[in-house]
Every structure is written in structure tokens, then in C-alpha cells.
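In this note's numbering, the protein residues as written are 348 to 733.
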């Protein structure tokens, strides 16, 4: 702020200078006041700018601090995620290694099983070859001499065995032939047709775009057996098992006789008791028929109030008239060397059509079976009833 200072006037000039008027003084003060007002306004303006700058600076500092916190939090989360990723990678690698080890173990076991299977298959082939050799050795080829039969008399009722049920069973093994891949068995209705086919050196068969020369063969059946089982089932005897090893041996016979003679339990009068203490089984012979049959149907009998013994029929059997056969079917032809140019069913149909035609020396086909490679099958034959 400037102040007005009056100037000194020399004495010699005092009389010539006149005093300034009030208006002049006021006119001099107005510019200074305006300048002061303007300066005050500028000061307020700059103070506001400084305050605004301080506020902006504080805000920027806060934003910076917040950004640093956010950055630190993001870095922390990133580190945590990286650590979690490392853990998961470790778990994944561990599981992957375990799975690879498991797969390797399974492959090793599978390889061992395959080798074992091949070994067993080779053993099976050897056993089959041994079995075939034994079958060939067991064949009996002999001329049976004629036997003269002499009549001895008529069987009467007195000669019959009324104490036994007599049964005769004939057991016949059906002859078989093993059919391998690329072979077909054809059975004709007439023997003459099979004979004509077997006389041919080859059979030229057409299969759509293919033609094959096939060789017919006679069928050699595997040996088969036939025998009779003669069985006698007693009407008065039964077998029992599961006997307790007490009472003492000297009392066992009487004890069993009392147990099996009770009518309330289906028993009857006992004629004889036989038992074996080592095997805990034996036989009971009743005086009359019917009791043994009834007890055998029940399959159990109560002894000693609560103990059950197992009851079985008493029977004897004999094997008689044992025969072995090596037959040759007269109406069946074996066709070999067939190539799988079609599927199994279509190829079989072509074979059947070819061998049905009279122009191919064929005739009515009763049955046909073709086996494709590498399959095998067992064909069973039965006797002609005609």
C-alpha cells in the first residue's frame, strides 16, 4: 500500500504555487483503490486455485495409495493363484503318473494273461491230439463169430424177482465229426446221389463272380460207444448216511432198528441192520416191501428225536453189451477247400442250389452245414430209422 506524502515547496516559490483541490486528491486515490481491489480479487482467485490444487493433490495421493493397495492385492492374489496352480499341477502330474503306472501294470498283466492263454491253447491242442490218438487206438475192429442160441425153457412167475425193481437202459453215444473252417457237410435224401458225388474228381461250383473247384470226400466219423445199464432197485432195502458216531457200537444196531421200525415216522418191521462206523453210513433191510420205497421218497429220517439221517434207494447196476462203432454215413458228403468269397449264409445257399441240380449229379438235399474260417463245429449223426 502507498501513502500520499506532500512535497515541500521552496520559500521563493511558495507564492507562485497554489494549493491542490480536494477533487484532485480524490482523482489521484481512485486508481490506487481500483488496483487494490483488483489485487485482492486476484489474491482470492489464487488462494482458491491453491486450495483446489491442494485438494487435487490430496485426491491424487489417495488415488495413488488406493492404486498401490489394489496393485498389492492383485499381486497377492496372483501369487496365490500361481501357488494354487503349482499345487494342482503337482496333483495332476501325480495322478497322471499313477494312471500311467496303472495302465502299464494292466498291459503287463494282459500280456502275461495272453501268454498264459496261448500256453493253455497249445496244451489243449496237444491234449486233443493225444485224445484223438487214444480214440484211434480204442477202436475195435473184429469179426464177431456167429453164436448158436439154445432154447432152455419158459420163464414162469416163480422165477421173477419180486423184491427188486429191474430196469435196463441203453446208452448210445451219437457219432460225431469235427467240421473245420472252409468245409461243408451235405446230407442227401438218397444214397445214390452221395455215391455219384463221391465218384467225381472235383465239383466246379459258381459263386456269383467266382468259381471254385471243390473236392468231395467221404466222412469218417469219430468212434462212438453203445452199452446197456442193468439196474436192480431193492423194494426192501435202503441206504442211509450222515449217522452220528454215537451211541456206542454195541448199542448202534438196536438203536437203528428201533428208529426205523416206528410206523409214525414211516418205518416198518426191520429184518436186518448193517452199518459202518468209519463212514457213518449203512443199510436197513425191512421185512416187507413198500417201506423202503416210502422212506426213499422222503429222503430223510429222524433219529434221536432231532437228528436227521439221509435216506437213499438201495440199488446195484451192471454195464453190459459194450460196443464201439466207427461208422461211415452213406448219405453224407464232405466238401473241402471252400474259400470265403461270400458270407457264411449266402455261400451255404449257393452250395445247396448247386448240389440240388441233377445236371451237377445232385439231388434233394436233406441238410447242409457250412463253417467259415477260422470257426469249427461238431456235427452229430443219428441212425436212419427207415
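C-beta: ideal position from N, C-alpha, C; glycine also.
Sequence-distant residues of its chain with Cβ nearer than 7 Å to residue 649 (five each side left out) = 612, 655
Residue 627 and residue 592: beta carbons closer than 8 Å?
-> yes
How would you label residue 737, buried or exposed, when you count the other beta carbons within 10 angstroms and need 16 or more for buried?
-> The requested residue 737 does not occur in the structure, where the chain is confined to residues 348 to 733.
Can you check DSSP and say which residues form a bridge with residue 697?
-> Its beta-bridge partners do not exist; DSSP assigns none.
Using only alpha-carbon positions, find the residue among 657, 444, 685, 716 that is nearest to residue 645.
-> 657
Using the DSSP secondary-structure output, state which residues sit across from residue 528 in a beta bridge.
-> Bridge partners of residue 528: none, in fact.
Report the partner residues of residue 670 according to the DSSP bridge assignment.
-> 573
Give a yes or no on whether the C-beta atoms belonging to residue 557 and residue 683 are separated by under 8 Å.
-> no
Through-space distance from residue 665 to residue 456, alpha-carbon basis = 51 Å
Note down the Cα distance separating residue 589 from residue 638, rounded to an integer number of angstroms.
-> 20 Å
Report all residues from its chain with a CB closer than 6 Å to the CB of residue 727; omit the five preceding and five following residues, and keep chain order.
-> 521, 523
Can you have a look at residue 731 and say buried or exposed, based on whether 16 or more other CB atoms are within 10 angstroms of its CB?
-> exposed
Looking at the unbroken beta strand (DSSP E) that takes in residue 551, where does it start and where does it end?
-> 550 to 554
Between 379, 677, 672, 533, which lies nearest to residue 709 when the distance is taken from Cα to Cα?
-> 533
Which listed residue (568, 447, 554) has its alpha carbon closest to that of residue 685 = 554
For residue 517, I'd like the list of residues in its chain whose CB is within less than 6 Å of its CB, leaving aside the five on either flank, ordered along the chain.
-> 575
Straight-line gap, residue 550 to residue 560 (C-alpha atoms, nearest Å) | 5 Å
Residue 676, DSSP secondary structure in three states | coil
Identify which residue in 609, 691, 701 has its Cα closest to the Cα of residue 735.
-> In the structure as shown, the chain begins at 348 and stops at 733. Residue 735 is therefore absent and cannot be evaluated.
How big is the Cα-Cα spacing for residue 675 and residue 722?
-> 24 Å
Near residue 725, which residues of its chain fall below 8 Å by C-beta distance, leaving aside the five closest residues on each side in sequence?
-> 523, 524, 525, 526
Who are the Cβ neighbours of residue 577 in its own chain at under 7 Å, not counting the five residues just before and after it?
-> 515, 664, 665, 667
Give the single residue among 572, 536, 453 whose Cα lies nearest to the Cα of residue 678.
-> 536
Residue 561, enclosing beta strand (DSSP E) - first and last residue | 557 to 565
CB contact flag (residue 582, residue 631, <8 Å) | no
Assumed close pair residue 615, residue 635 - CB separation to whole angstroms, cut-off 8 Å = 6 Å
In this structure, what does DSSP give as the bridge partners for residue 665?
-> 577
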